[in-house]
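Residue numbers (this note's numbering), protein chains in the order written: chain Z, 769 to 1084; chain F, 769 to 1084. Cβ atoms here follow ideal geometry from the backbone N, Cα and C, with glycine treated the same way. Here's the structure, in C-alpha cells; my notes come after.
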C-alpha cells in the first residue's frame, strides 16, 4: 500500500507519495493560495493528490491513508483545525473537505511539529527508540513528542506545546500572550530580535556592519557566522541563545526524560556549532546525568510530508 | 488480597495495611533511625511489616504486594535507591533487603511523589481521569504524573522531576546545582527564603514583627496569614509566589496537558487562598484554554503509604 502526505505551510503546500517501505517516491508542491478563502487551498490540495496518483501510476484504492500536517492546533475529536493563523484556518473542517474528494481512503490530520516527530520516529533520528522529542527552531519553537512509540498529543488531546514552557518568568512577550516562553528566547525570531537590538546598540559590531543599516539582513546564519569569526556581540548572542536552548533541553529531560532529543528547524542548520554548547549545558545542569542523546534532526525539509504520510500507521 | 505500603521519610517511617477495596485499615509508624547505617532502617521496616500482619490478623500469603515509597531517585531495572539524601541511601538495594524478609510476596519501590500520584489516581483527586499531575509543595517541589492510567517514570526511566523545569533562567540557585528551577521558586523553602529576606529588609512588616527576630518562626503559614491580614510585604510575597506557581502550572499544561492537576504538600494547606490566583493565572496565560482542572490533593498525609501499597496494581 502507498500513502500520501501533505504539509501545508503559509507559503507553500508540499505533497508526497510514499511507498510501502516509507520512502518518499514522488513530490509535488504549489504555492499556498492566500488566506482569504480556505476553500482555495482545498482545491490546490485536491489537485496535488490527483497529480501524485496520476504521475505515480497509483490508484486511490492502493492508498492506505492521506495525512495532513498543519501549523496550528487540532481538534482531534471533531477533526477540525482550531486555529492555523498563517493559513487563515479557524475551526476549519479540513479533513472533511479532503475526505469528500477522496471518499475511498482515510484522511488524518496532525500538527506539523508532531508530524515531523513521527517522520523522525519511522524514518529518521528516532529509529530504534521508543521515546523521542523533536524541537524545531524556526519562526516559533515547535515540539513533537513520541512517547512509548506513540505520538503524544496531550492528556486532554489539546496538543503538545513545548515552546510554551516558561523559561524566563516575566521575560519577553511571546506570540501566545504570555511572557518568557521558550519560544520567546529560542526561536529564530527571538535570536533575530536580540541581534537587531545588539546591532542598533553596537554599530561597530560585525553584525551591524554586515547588515549595513538594513535590519532585514540580520538572520540566525549571520549571527552564527559572526560568532565563528569572533565578533564580540555575536559571541555574546550565541552564548546567550545556546544557554537558553540548553536550559530548555534540560527542562525537557527533567519531565519527559526522552531517550533522544533531535533539534530541527532553520536555526539547526548551524549544526554542531549550535549543538555542542547545548550538550555541554545539559551535561552540567540537566537533573538526570544519564540523559537523552542530543542530535540534529534527520528529516529536514521532508519531515512534514513524510510524517503526514505515515499518520495512518498510528491511527489507521 | 491485602497489600502493604511503607512511606520512608527522613523523620519517620509510616506503614499501612490496605484491604482489597484499597482502604487503609491499619497504620503503624516508627522514627527513622538516623542515617549512619541503612540496615537499621531495614530492621524497623521489617518490624512494622510484622506488626501490621500480626495486628491485622493477615497472613503474608494474603498480601499481594509490599510497596516502598522513597524520597529519592530509583533505578527501576536494578531495584536500587540511587540516592535518597535525607535517608542516607546511596545505591542501596532496598527491595532486596525487604524481599529477603518477605520471600513470599512481591516487593516494589517508587519515588514518594510518584507513589502519592498513584494514591490520587486510585483513591483520590484523580479518580475517573486517565491523566493527572500531582505537584507537591514542601521542602522541595515533587511531581508525580499518571499518564493514560500508568505512572510515568520517564522515557529512559530516570524518573519525573517536575520541580527541575527552569522557570527563571539564571535565577536562584536550586538544590540540584542548576539555577532558577521551579523548586527554587515554588517550594516552601523558597517562600521562606524570600519571606526572611523581606522581614530583614522591612522590620516594620507584620512578618518581621511576628517572628520577633527569630527567623525560624517564618513559615508558609505565617506568610499567608499576614497576607490575608493585608500586610504589604506579605501580599507582595503571596502575589509573587502564586505567580511563580501559576507559571509552573501553565508550563505543565503546555507539555503534559493533564485532565487534572492536584496541588499537595505543606504549602497547599492554604487551600483556595493559594489555588484561586493560580487558577486565575492559568486561565489568563496557559496556552490551552480548555485546560486541566486545578484542585487540592485529596490524600494528604496518607498519600505515600497508600500509593506504595497500590504499586502492585501497576507492576504486579
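(request) Report the rounded CA-to-CA distance for residue 1074 of chain F versus residue 790 of chain F, giving the unit in angstroms. (result) Distance from the CA of residue 1074 of chain F to the CA of residue 790 of chain F, rounded to the nearest whole angstrom, comes to 8 Å.
(message) Buried or exposed for residue 1032 of chain F, going by 16 or more other Cβ atoms inside 10 Å?
(response) Around the C-beta of residue 1032 of chain F, 16 or more other C-beta atoms lie within 10 Å, and the residue is accordingly described as buried.
(request) Entirely within the region 941–1018 of chain Z and at least 4 residues each: give me those alpha helix (DSSP H) ranges in chain order. (result) 951–954, 956–969, 974–979 and 988–996
(message) Here's the rule: buried if 16 or more other CB atoms are within 10 angstroms of the residue's CB, otherwise exposed. What is residue 955 of chain F?
(response) buried
(request) Could you pull out every residue in the same chain whose Cβ sits closer than 8 Å to the Cβ of residue 800 of chain F, ignoring the five residues on either side in sequence? (result) Closer than 8 Å at Cβ, skipping near neighbours: 776, 777, 778, 779, 780, 781, 809, 812 and 855.
(request) Confirm, please, whether the CB-CB distance from residue 967 of chain Z to residue 986 of chain Z is below 8 Å. (result) Taking 8 Å as the Cβ cut-off, residue 986 of chain Z and residue 967 of chain Z qualify as a contacting pair.
(request) Could you name the residues of the region 930–941 of chain Z whose beta carbon sits closer than 9 Å to any beta carbon of chain F, in the order they occur along the chain? (result) Result list: 930, 931, 932, 933, 934, 935, 936, 937, 938 and 939.
(request) Identify, in the order they occur along the chain, each residue of the same chain with its Cβ nearer than 6 Å to the Cβ of residue 1034 of chain F, setting aside the five sequence neighbours on each side. (result) Scanning its chain for C-beta atoms nearer than 6 Å, with the 5 sequence neighbours on each side dropped, one finds around residue 1034 of chain F the residues 906 and 956, in chain order.
(message) Rounded to the nearest angstrom, what separates residue 772 of chain F and residue 1012 of chain Z at their Cα positions?
(response) Residue 772 of chain F and residue 1012 of chain Z have their C-alpha atoms spaced approximately 45 Å apart.
(message) So, with DSSP's three-state summary, where would you put residue 1049 of chain Z?
(response) In the three-state reduction of the DSSP assignment, residue 1049 of chain Z falls in the helix class.
(request) Taking residue 1023 of chain F as the reference, give the member of Z:1082, Z:998 and Z:914 with the closest Cα. (result) Z:914
(request) Could you check if residue 822 of chain F is buried or exposed, using at least 16 other CB atoms within 10 Å of its CB as the buried criterion? (result) Exposed, because fewer than 16 other Cβ atoms sit within 10 Å of the Cβ of residue 822 of chain F.
(request) State buried or exposed for residue 926 of chain F, treating a residue as buried only when at least 16 other CB atoms are found within 10 Å of its CB. (result) buried
(request) Tell me whether residue 806 of chain F sits in a helix, a strand or coil according to DSSP, three-state version. (result) DSSP places residue 806 of chain F in helix when its eight states are reduced to three.
(request) Give a yes or no on contact between the region 1038–1053 of chain F and the region 909–924 of chain F, applying the rule of three or more CB pairs nearer than 8 Å. (result) no
(request) Answer yes or no: does any C-beta atom of chain Z fall closer than 8 Å to that of residue 1044 of chain F? (result) no
(request) Measure from the C-beta of residue 815 of chain F to each C-beta in chain Z and report whether the shortest distance is under 8 Å. (result) no
(request) Measure from the alpha carbon of residue 1064 of chain Z to the alpha carbon of each residue in Z:998, Z:900 and Z:993, then state which is nearest. (result) Z:900
(request) For the region 996–1027 of chain F, enumerate the residues whose C-beta is nearer than 7 Å to any C-beta of chain Z, in chain order. (result) 1012, 1015, 1018, 1019, 1022, 1023, 1024, 1025, 1026 and 1027
(request) Could you tell me which chain F residues have their CB closer than 8 Å to the CB of residue 927 of chain Z, listed as they occur along the chain? (result) 1025 and 1056
(request) Output yes or no for whether 8 Å exceeds the beta carbon distance between residue 898 of chain F and residue 917 of chain F. (result) yes
(request) Find the residues of chain A that neighbour residue 1053 of chain F, judging by a C-beta separation of less than 9 Å, and give them in chain order. (result) Judged by its chain identifiers, the structure shown contains no chain A, and its protein chains are Z and F.
(message) Applying the 10 Å Cβ sphere with the 16-neighbour rule, what's the burial state of residue 950 of chain F?
(response) buried
(message) Using only the alpha-carbon positions, how far apart do residue 829 of chain Z and residue 1017 of chain F sit?
(response) 47 Å
(request) Flag residue 915 of chain F as yes if its beta-carbon sits less than 8 Å from any beta-carbon of chain Z, otherwise no. (result) yes
(message) Beta-carbon within less than 7 Å of residue 991 of chain F's beta-carbon, same chain only, minus the 5 sequence neighbours each way: which residues are those?
(response) 959, 963, 975, 1002, 1005 and 1006
(request) Could you give the DSSP three-state label for residue 796 of chain Z: helix, strand or coil? (result) Strand, per DSSP.
(request) Answer yes if the region 832–851 of chain Z comes into contact with the region 875–886 of chain Z, meaning at least three C-beta pairs across the two stretches below 8 Å, and no otherwise. (result) yes
(request) With DSSP as the reference, please indicate the residues paired to residue 865 of chain F in a beta bridge. (result) According to DSSP, which records beta bridges pairwise, residue 865 of chain F is partnered with nothing at all.
(message) Per DSSP, what are the beta-bridge partners of residue 779 of chain Z in this structure?
(response) Bridge pairing for residue 779 of chain Z: absent [DSSP].
(message) Measuring only the C-alpha atoms, how far is residue 922 of chain F from residue 842 of chain F?
(response) 11 Å
(request) Determine the extent of the beta strand (DSSP E) in which residue 831 of chain F is found, giving its start and end residues. (result) 831–838
(request) Tell me whether residue 806 of chain Z is buried or exposed, calling it buried when 16 or more other Cβ atoms sit within 10 Å of its Cβ. (result) Under this definition residue 806 of chain Z is a buried residue.
(message) Given this structure, state the Cα-to-Cα distance separating residue 866 of chain Z from residue 1060 of chain Z, to the nearest angstrom.
(response) 39 Å
(message) Taking beta-carbon pairs under 9 Å, can you tell me which members of the region 895–912 of chain Z lie near chain F?
(response) Listed in sequence order: 897, 898, 899, 900, 901 and 911.
(request) Anything in the region 838–861 of chain F with a Cβ closer than 7 Å to a Cβ of chain Z? List those residues in chain order, please. (result) Correct list: empty, as no residue qualifies.
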